[in-house]
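In what follows, a single structure is set out as structure tokens and then discussed.
In my numbering, the protein residues as written are 44 to 194.
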């Protein structure tokens, strides 16, 4: 995968998830979003999938990182351009700290995660605050929400 063909990369990564023992239960719409990080990056395509897997959280993280590596993911620049970024957002409402933080530590502040999360898990609540995904989304500024554009 190359930086610059995001929709194709996303589609290929969905196939990679399924061929790596994960079952996609639901897939959000695709959203075009401005990048987080250094200037000069192309817009990103963001989505959320709801998965079923026999893997435990850290095993799932390892599998996702292996898939990222298949797509030539580079980790040299924090928030730099990337071919693919797969994150575990939540694991049955459990809170985990360490190499894997669940729920994902930036989830509640990022419109590019919250908007597609509403598509696949409208009932989701942040286990820390108890707030619903829609309340978190509505808590973002209008400017932030308008940056998230359905493709």
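Just so it is clear, CB atoms sit at the ideal spot from N, CA and C, and this is done for glycine as well.
- The beta carbon of residue 72 is closer than 8 Å to those of 90, 159, 162, 193 and 194 in its chain, skipping five residues each way along the sequence.
- Residue 170 is a Cβ neighbour of residue 146, given a cutoff of 8 Å.
- By the Cβ-count criterion, residue 54 is exposed, with fewer than 16 other Cβ atoms from all chains shown falling within 10 Å of its own Cβ.
- Distance between residue 52 and residue 129, taken at the CA atoms: about 12 Å.
- DSSP, reduced to helix, strand and coil, places residue 175 within a strand of the structure shown.
- Collapsing the DSSP output to three states places residue 50 in a helix.
- Its chain contains 84 and 87 as the residues whose beta carbon lies nearer than 6 Å to that of residue 78, once the 5 sequence neighbours on both sides are disregarded; these appear in chain order.
- The Cβ atoms of residue 177 and residue 168 lie no closer than 8 Å to each other.
- Per DSSP, residue 110 is one residue of the alpha helix (DSSP H) stretching across 100-113.
- Under the DSSP assignment, residue 97 falls outside any alpha helix (DSSP H); it carries neither an H nor an E label.
- Fully contained in the segment 139-170 are the following alpha helix (DSSP H) runs of length 4 or more, in chain order: 154-163.
- Assignment of beta-bridge partners to residue 75 by DSSP yields 88 and 192.
- Checking the DSSP bridge columns, you'll see residue 69 partnered with 93.
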